[in-house]
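One structure below.
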Amino acid sequence: MAVWPAAEPRRVQIELAALTPIPEVVPEDRSLQDAAIAASEISLDNAWQAETIRIEVEPGDTLSHVFDRAKILPTTLFRMLNSDKELERRLVRLQPGNVFEFQRLDGQILSFTLHSSRIEGIQVTLNDDATVADWEAFTNEPTRMTRWASGTIDDSLFLAARDAGLSDTMTMNLAQLFGWDVDFALDIRQGDEFTVIYEELYVDGEYFGEGRILAASFVNQGNEFHAIRYTDQRGVTEYYDAEGRSVRKAFLRTPLEFARISSHFNPNRRHPILNTIRAHRGTDYAAPTGTPIRAAGDGRVVEARYNGGYGNVVVLQHGQGIRTLYAHMSRFGNGVRSGVNVRQGQIIGYVGTTGASTGPHLHYEFLVNGVHVNPVTVRLPDAQPVHSESREDYRQYAQTMMTHLQSARNSVASAALSLNE
Ligand SMILES: [Zn+2]
Numbered sequence: 002m003a004v005w006p007a008a009e010p011r012r013v014q015i016e017l018a019a020l021t022p023i024p025e026v027v028p029e030d031r032s033l034q035d036a037a038i039a040a041s042e043i044s045l046d047n048a049w050q051a052e053t054i055r056i057e058v059e060p061g062d063t064l065s066h067v068f069d070r071a072k073i074l075p076t077t078l079f080r081m082l083n084s085d086k087e088l089e090r091r092l093v094r095l096q097p098g099n100v101f102e103f104q105r106l107d108g109q110i111l112s113f114t115l116h117s118s119r120i121e122g123i124q125v126t127l128n129d130d131a132t133v134a135d136w137e138a139f140t141n142e143p144t145r146m147t148r149w150a151s152g153t154i155d156d157s158l159f160l161a162a163r164d165a166g167l168s169d170t171m172t173m174n175l176a177q178l179f180g181w182d183v184d185f186a187l188d189i190r191q192g193d194e195f196t197v198i199y200e201e202l203y204v205d206g207e208y209f210g211e212g213r214i215l216a217a218s219f220v221n222q223g224n225e226f227h228a229i230r231y232t233d234q235r236g237v238t239e240y241y242d243a244e245g246r247s248v249r250k251a252f253l254r255t256p257l258e259f260a261r262i263s264s265h266f267n268p269n270r271r272h273p274i275l276n277t278i279r280a281h282r283g284t285d286y287a288a289p290t291g292t293p294i295r296a297a298g299d300g301r302v303v304e305a306r307y308n309g310g311y312g313n314v315v316v317l318q319h320g321q322g323i324r325t326l327y328a329h330m331s332r333f334g335n336g337v338r339s340g341v342n343v344r345q346g347q348i349i350g351y352v353g354t355t356g357a358s359t360g361p362h363l364h365y366e367f368l369v370n371g372v373h374v375n376p377v378t379v380r381l382p383d384a385q386p387v388h389s390e391s392r393e394d395y396r397q398y399a400q401t402m403m404t405h406l407q408s409a410r411n412s413v414a415s416a417a418l419s420l421n422e
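In the numbering used here, the protein residues as written are 2 to 422.
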């Protein structure tokens, strides 16, 4: 640790200040000097009034720029950061537009707030010697307004959604929600319809952004799909259809987002070199080294190690007697080791070419009760339906949301809905 030469004098100064309230003055700051003079002339109470200094972070600003602009001594910043490394890590990630509010008394910083957005920030309290007394991250809950939009697809989902007032992000979320049943690249037809009930967020009466999708419907080539967001009595939140079935499957079809199949599952494959029958018990996906590999379903890691021809391999144990295996990884995902639980979609490793492999690819196996099946054609089980204890509650809630979806679809313009919840 560096030795700060002003450490001792500073403490003396604070002790003096405690006896006689003479403000610590930054010499080049005229206004503060004026304040110091004024303070010596007015009553003790007034001299101890804290002031608030607001500094907005500009492009290229560093923490020391910001503190300098607030006329805070570099020693204060140094001691503060030195006394709390976790806080330091949080503070150095400054973004233009972040706002600092410093509470200063007699030239000394008592506390400050960093507003990293209109809803998130950090509140920091300092000791007399500028070390950190306490800090906490906070979130202001935004006000949620319910909105809805509905449209019919003419050219593309994105154009129709924009016409209906939806952002591209919201449209992406909508497509993802129905992506388990509808292939948005291939299946969309003119005349397909969408309706979505979603939240808009407001902070201090001002628009802040879009919130969650509460319910949605999609008519694709005459087939109608629904998704209703619901939190059950155990606190588990999922999207379900009108009958309470989960809209997602318990497994992703492909553990990579963008990949092409380079070798199919084939129990009778003739080995290219040995010219013997040697089963290919999985599907190979060609993808660049480093491409994230996702857990196909919720499960537990039963193997994460280097294992012969598989190279770096992860094996997951899921419910219903299903195991999935991911081979030739360049490396494992963060925290992925034997015994830990993973969620569907979580990154468990990265594409590589370790083990018996001729180029970067994922070798993916799907086993049901120990028997290898074709991962591309296996009938994937649905994710869990609404929990039995919440079934009646859900039935009523879903009915309400289905009514709202229907009336939204029947209307033309977008308007606020009151959902009486
Ligand atoms: Zn393979």
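Here a beta-carbon is modelled for each residue, glycine too, at the ideal position from N, C-alpha and C.
| Query | Result |
| --- | --- |
| Leu95 and Leu127 closer than 9 Å at C-beta | no |
| Simplified DSSP assignment, three categories, for Arg148 | strand |
| Asp285 versus Thr359, Leu317 and Tyr240, residue with shortest Cα-Cα distance | Thr359 |
| Alpha carbon of His265 to alpha carbon of Phe113, nearest angstrom | 60 Å |
| Check: Ala328 C-beta below 8 Å from any heavy atom of ligand 1 | yes |
| Pro293, enclosing beta strand (DSSP E) - first and last residue | Pro293 to Arg295 |
| heavy atom of ligand 1 below 8 Å from His362 C-beta | yes |
| Cβ-Cβ distance between Gln345 and Ala297 below 9 Å | yes |
| Cβ-Cβ separation, Arg145 to Ile123 (assumed contact under 8 Å), whole Å | Their Cβ separation, rounded to whole angstroms, is 24 Å, which puts Ile123 and Arg145 out of contact at 8 Å. |
| For Thr378, the three-state DSSP class (helix, strand or coil) | coil |
| Pairwise C-alpha distance: Phe139 and His281 | 53 Å |
| beta-carbon His373 near ligand 1 non-hydrogen atom, thresh 8 Å | no |
| Near ligand 2: Thr172 beta-carbon under 8 Å from a heavy atom | As for ligand 2, it is missing from this structure, which binds only ligand 1. |
| Beta-ladder partner(s) of Arg230, from DSSP | Tyr240 |
| Close Cβ partners of Glu304 (< 7 Å) along its chain, the five nearest in sequence each way excluded | Val314, Val315, Val316 and Ser339 |
| CB of Leu326 within 9 Å of CB of Ala288, strictly | no |
| Which of helix, strand or coil DSSP assigns to Asn83 | helix |
| Contact set for Arg230: own chain, Cβ-Cβ below 6 Å, skip 5 residues either direction | Leu215 and Tyr240 |
| Residue from Glu59, Ile73, Leu115 and Phe103 whose Cα sits closest to the Cα of Leu97 | Per the sequence shown, the amino acid found at residue 97 is Pro instead of Leu. Comparing Cα-Cα distances from Pro97 to each of Glu59, Ile73, Leu115 and Phe103, the minimum goes to Glu59. |
| Of the listed residues Arg246, Phe252, Arg55 and Glu121, nearest to Phe103 (C-alpha basis) | Arg55 |
| Test item: CB-CB of Gly192 and Glu200 under 9 Å | no |
| Range covered by the alpha helix (DSSP H) that runs through Val316 | Taken as a continuous stretch (DSSP letters only), Val316 belongs to no alpha helix (DSSP H), being part of the beta strand (DSSP E) at Asn313 to Gln318. |
| Contact test: Gly283 Cβ vs ligand 1 heavy atom, cutoff 8 Å | yes |
| Buried versus exposed call for Pro75 [16 or more other C-beta atoms within 10 Å across all chains shown] | exposed |
| First through last residue of the alpha helix (DSSP H) which encompasses Leu175 | Asp169 to Phe179 |
| First and last residue of the uninterrupted alpha helix (DSSP H) at Gln397 | Arg392 to Asn411 |
| Residue burial classification, Tyr395 (beta-carbon count within 10 angstroms, cutoff 16) | buried |
| Selected residue, minimal CA-CA separation from Lys86, among Trp136, Ala161 and Asp129 | Trp136 |
| Nearest to His319 (by Cα), restricted to the options Thr290, Glu52, Gly309 and Ala384 | Ala384 |
| Ser331 beta carbon near ligand 1 (any heavy atom closer than 8 Å) | no |
| 3-residue-minimum beta strand (DSSP E) runs that sit fully inside the stretch 84-112, ordered along the chain | 100-106 |
| DSSP bridge partner residues for Phe219 (one or two, in chain order) | Phe195 and Phe226 |
| Cross-strand partners of Arg332 (DSSP beta bridge) | Tyr351 |
| contact_flag[the stretch 350-365, the stretch 321-336] where n(CB pairs < 8 Å) is 3 or more | yes |
| Distance cut-off 8 Å: Ser408 Cβ against heavy atoms of ligand 1 | no |
| Distance between beta carbons of Gln234 and Ser389, contact taken as under 8 Å | Between Gln234 and Ser389 the Cβ distance is about 10 Å, and since that is not below 8 Å, they are no contact. |
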